[in-house]
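Chemist:
There are 2 protein chains.
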Amino acid sequence: MALIVQKYGGTSVGDVDRIKNVARRIKKTREEGNGLVVVVSARSGVTNELIARAQAITERPDTRELDMLLAIGEQETIALTAMALQAIGVPAVSYTGAQAGILTDQVFTKAKIKQIVPKGILKDLKAGKIVIVAGFQGINEEGQITTLGRGGSDLTAIALAAAVQADKCEIYTDVDGVYTADPRIVKTAQKIDEISYDEMLELASLGSKVMQSRSVEFAKKYGVVFEVRSSFNHNPGTIVKEEVAYMEKVVVRGVAVDKDQAKVVISNLPDKPASAATIFNALAEASINVDMIVQNVAHTGGVDLTFTVQRDDAMSAVKVLPAVLKKLGGGEIKAYDNIAKLSVVGVGMRTHAGVAAALFTALGDKGINIQLIGTSEIKITLAVDRAKADEAVRAAHEAFGLSK
Amino acid sequence: MALIVQKYGGTSVGDVDRIKNVARRIKKTREEGNGLVVVVSARSGVTNELIARAQAITERPDTRELDMLLAIGEQETIALTAMALQAIGVPAVSYTGAQAGILTDQVFTKAKIKQIVPKGILKDLKAGKIVIVAGFQGINEEGQITTLGRGGSDLTAIALAAAVQADKCEIYTDVDGVYTADPRIVKTAQKIDEISYDEMLELASLGSKVMQSRSVEFAKKYGVVFEVRSSFNHNPGTIVKEEVAYMEKVVVRGVAVDKDQAKVVISNLPDKPASAATIFNALAEASINVDMIVQNVAHTGGVDLTFTVQRDDAMSAVKVLPAVLKKLGGGEIKAYDNIAKLSVVGVGMRTHAGVAAALFTALGDKGINIQLIGTSEIKITLAVDRAKADEAVRAAHEAFGLSK
């Protein structure tokens, strides 16, 4: 008998009928001879409703009380899911995060899992029951309810899979898996059968919204193999696992794009050793995350510094910087909010040369101007004009033969 | 500094504005120099919504899972109430039943409180915080969430008042207190300032819907003095406490009426020793509660047996009885579902003679026929025609001078 952890997201348990559908899927997996721990999210929309109710009370609700409030979303789903299973003759029992022994740190609304003590779960599994666990929540040392922040239910599933030493971990969502590109942009995009943690991490952090990076990082750290697949059909999904040799045969695994980027250019910055550090410290203090950075000495004798930020942060950056530049003794600011970030990702890049050249050629052939370039061992990232982003994704997808 | 336990019911916390209103009341009590533990119910309507959702999944939801589901109603209110207090500058912290240390037995949906271990609560009170506790819920020995059944939040408040040795316990509701009669029936009905546990118990069990008997019984057992009052004004309410000598000066404390009664008459029952026992055992097995019972030997040589039941149970009684009568060898059944039960209650009856006579006279003067009579030490109960019930209540109220 295999032990499987399944996780169903908010759309998969969005209403009573969908919960019944999930119960039938679980029953089927059980009838194939498996033991199951099932993690469920709140019904889609519920968490936002609860936040709205809190904000009708006070603009800035206390985070401890917010976690107390938000935890009820998943508590509803676990009870209803357990009932739906019992109604079709499957023994099931629900667990809150606290009952499941999911111990976290003290940071409300974005707690980290410190340890899982799945004593009760293992006992109920042994008794032949399906165990339904509330995602997204845990309990701290003082017995207070905490929540894990965005993507928290995925994290619950992966951490539980590690804790109960599951044979498989299946993350059910509303897409079929991870694709070589966004199928809305590239019609010939292919579902990826297997992908390494590192590739998944790069795609997750680059606008492929399938999963949050922290869940993938956790899976990588504890060696949890998981599959991302759809709860609305029975197609196989994408398996995410440790890199194996044959993965390197593929040069590029996928192409990701993030269209919500802005570019800030500071020109004629005085050429002092601490200039860049002063600027990025000021931005960090204002909680502005800087992504790509390029610096070069300008022909005027000063320095040109260019960086990208999330589009939402561009205005804040423009507000923070003048005071800094004044202190440094010069420099002009220009911001452009029409930037997209395109990335090609693949562990094969480590062993294949000429990937950058092929990418530049493909974009050049289409007359797409490259504004900034960044690279890592398994990724090349380019900033391009947002209006050209879709065309650039299609060109890159084509250039690396991802349409099969 | 006095320590006060306050309980606010579902209508008092029915929406965001009412929760803010409750927060202001709590703040006022605190500013008068008091420490507070506040018990809140689910917003009115929420529990029924949750039950409806469960029944959309399965007709007969498992009781463990139902408790897991229902507990979220109060968990929402505690978080919102704590937020509302913090928003007006009052330090507050919410507790689920489990966190409050409310330990119950294993009977889901109608658990009994076994013990309260208020360690965390006492610590937070000492730190100057208002402690907000979810009513209606607790935790059993296995760490599973239980609920306490109807009137559960009142019970939570009274049990907590005993556990933290509160100086006062205030039950806030949508009425001003306990009245000498239902003000909708008797316009001159008066609010009762003080009432003994026993009187309150008789009234609670007799259609005065202010509180469930079990909460009053718990208060009596542990000597918790409590006040029933309105959360919508600042009028003093009704104080419920141990009987004291001066209470006996009043002969009748109040008049209660229950209009949902039915009468079953079995005539010509064979006069055997076990006849009545056989009948009432059969009714008990069918979960039918019998209230008033009268038996007398009929002129025909058989026995006439008359009893009252809740109106809903009359049909079941009529279904169950024929088989029993057949076994006993005779008897005819007639049922009347147009019965009301009128009770006058007062500890003064113990020392005052002639109460029954005065009551019969008052009703007789109005031409109201008395169908059955039952008495206890502090109560006289009469069954009358439902159509005459209101008139009977007014006559009794008048006869004992309750309009002042």
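In the order they appear, the protein sequences are chains Y and S. Letter 17 of the first sequence, counting from 1, is numbered 18 in my numbering, and no numbers are missing. Letter 105 of the second sequence, counting from 1, is numbered 106 in my numbering, and no numbers are missing. Ideal Cβ placement from N, Cα and C applies to all residues, glycine included.
1. Closest by CA to residue 242 (chain Y), which one among Y:278, Y:24, Y:194?
2. Just the chain A side, please: which residues come within less than 8 Å of residue 83 (chain S) by C-beta, in chain order?
3. Rounded to whole angstroms, what's the CA-CA distance from residue 435 (chain Y) to residue 169 (chain S)? Just pull it up for me.
4. Any contact of the region 30-48 of chain S with the region 103-116 of chain S, i.e. 3+ C-beta pairs under 8 Å?
5. Report the residues of the region 132-147 of chain S with a CB closer than 7 Å to any CB of chain Y, ordered along the chain.
6. Could you list the residues in the region 248-272 of chain S with a C-beta less than 7 Å from some C-beta on chain Y, going in chain order?
7. Locate the alpha helix (DSSP H) running through residue 282 (chain S), then write down its first and last residues.
8. Please list the terminal residues of the continuous alpha helix (DSSP H) segment that includes residue 99 (chain S).
9. Alpha carbon to alpha carbon, how far is residue 283 (chain Y) from residue 175 (chain Y)? Give it in angstroms, no decimals.
10. With a threshold of 16 other CB atoms inside 10 Å of the CB of residue 398 (chain S), please say whether the residue is buried or exposed.
11. According to DSSP, residue 227 (chain Y) sits in a beta bridge with which residue or residues?
12. Going by CA-CA distance only, name the one from Y:70, Y:98, Y:129 that's closest to residue 138 (chain Y).
13. Name the chain S residues whose beta carbon is nearer than 9 Å to that of residue 54 (chain Y)?
14. For residue 120 (chain Y), which of Y:146, Y:150, Y:155, Y:164 has the nearest alpha-carbon?
15. From residue 128 (chain S) to residue 36 (chain Y), what does the alpha carbon distance come to, in whole angstroms?
16. Could you check the C-alpha separation between residue 79 (chain S) and residue 224 (chain Y) for me, to the nearest Å?
17. Going along the chain, which residues of its own chain have a beta-carbon closer than 8 Å to the beta-carbon of residue 331 (chain Y), five neighbours each way excluded?
18. Does chain S have any CB closer than 7 Å to the CB of residue 59 (chain Y)?
19. How many whole angstroms separate the CB atoms of residue 255 (chain S) and residue 346 (chain S), which I take to be in contact at a CB cut-off of 8 Å?
20. Would you report the Cα separation of residue 157 (chain S) and residue 218 (chain S), rounded to the nearest angstrom?
21. Starting from the N-terminal side, write out each stretch of the beta strand (DSSP E) that is 3 residues or longer and does not extend beyond the region 20-51 of chain S.
22. Taking 7 Å as the CB-CB cut-off, is residue 191 (chain S) touching chain Y?
23. Could you name each continuous alpha helix (DSSP H) segment of 4 residues or more that falls completely within the region 60-94 of chain S, going from the start of the chain to the end?
24. Using a C-beta cutoff of 7 Å, does residue 87 (chain Y) count as contacting chain S?
25. Tell me the DSSP secondary structure of residue 232 (chain Y) in three-state form.
26. Would you say residue 45 (chain Y) lies against chain S (beta-carbon separation less than 7 Å)?
27. Looking at the unbroken beta strand (DSSP E) that takes in residue 112 (chain Y), where does it start and where does it end?
28. Going by C-alpha distance, which of S:319, S:135, S:23 is nearest residue 280 (chain S)?
29. Output, in chain order, the set of chain Y residues within a Cβ distance shorter than 7 Å of residue 73 (chain S).
30. Output, in sequence order along the chain, the residues in the region 275-303 of chain Y whose CB is closer than 8 Å to any CB in chain S.
31. Might you give, ordered along the chain, the residues of its own chain that have their beta carbon closer than 7 Å to the beta carbon of residue 233 (chain S), omitting 5 neighbours on each side?
32. Between the alpha carbons of residue 357 (chain Y) and residue 215 (chain Y), how many angstroms are there, rounded?
33. Cutting at 6 Å between CB atoms, please list the residues of its own chain near residue 104 (chain Y), excluding the five before and the five after it.
34. Whether or not the region 50-62 of chain Y and the region 177-197 of chain Y are in contact is what I'm after, with contact meaning three or more pairs of Cβ atoms, one per stretch, closer than 8 Å; do they touch?
35. Answer yes or no: does any C-beta atom of chain S fall closer than 7 Å to that of residue 100 (chain Y)?
36. Are the Cβ atoms of residue 51 (chain S) and residue 81 (chain S) separated by less than 7 Å?
Modeler: In short:
1. Y:194
2. The structure shown contains no chain A; the protein chains it does contain are Y and S.
3. Residue 435 (chain Y) cannot be examined here, being either before or after the span of chain Y that is shown, 2 to 405.
4. no
5. 144
6. none
7. 276-286
8. Residue 99 (chain S) -> no alpha helix (DSSP H), and no H or E assigned at all.
9. 40 Å
10. buried
11. Y:170, Y:241
12. Y:98
13. 17, 77, 81
14. Y:164
15. 47 Å
16. 40 Å
17. 269, 270, 271, 303
18. yes
19. 6 Å
20. 13 Å
21. 36-41
22. no
23. 64-88
24. yes
25. coil
26. no
27. Per DSSP, residue 112 (chain Y) belongs to no beta strand (DSSP E) and is neither H nor E.
28. S:319
29. 73, 76, 77
30. none
31. 175
32. 28 Å
33. 115, 116
34. no
35. yes
36. no
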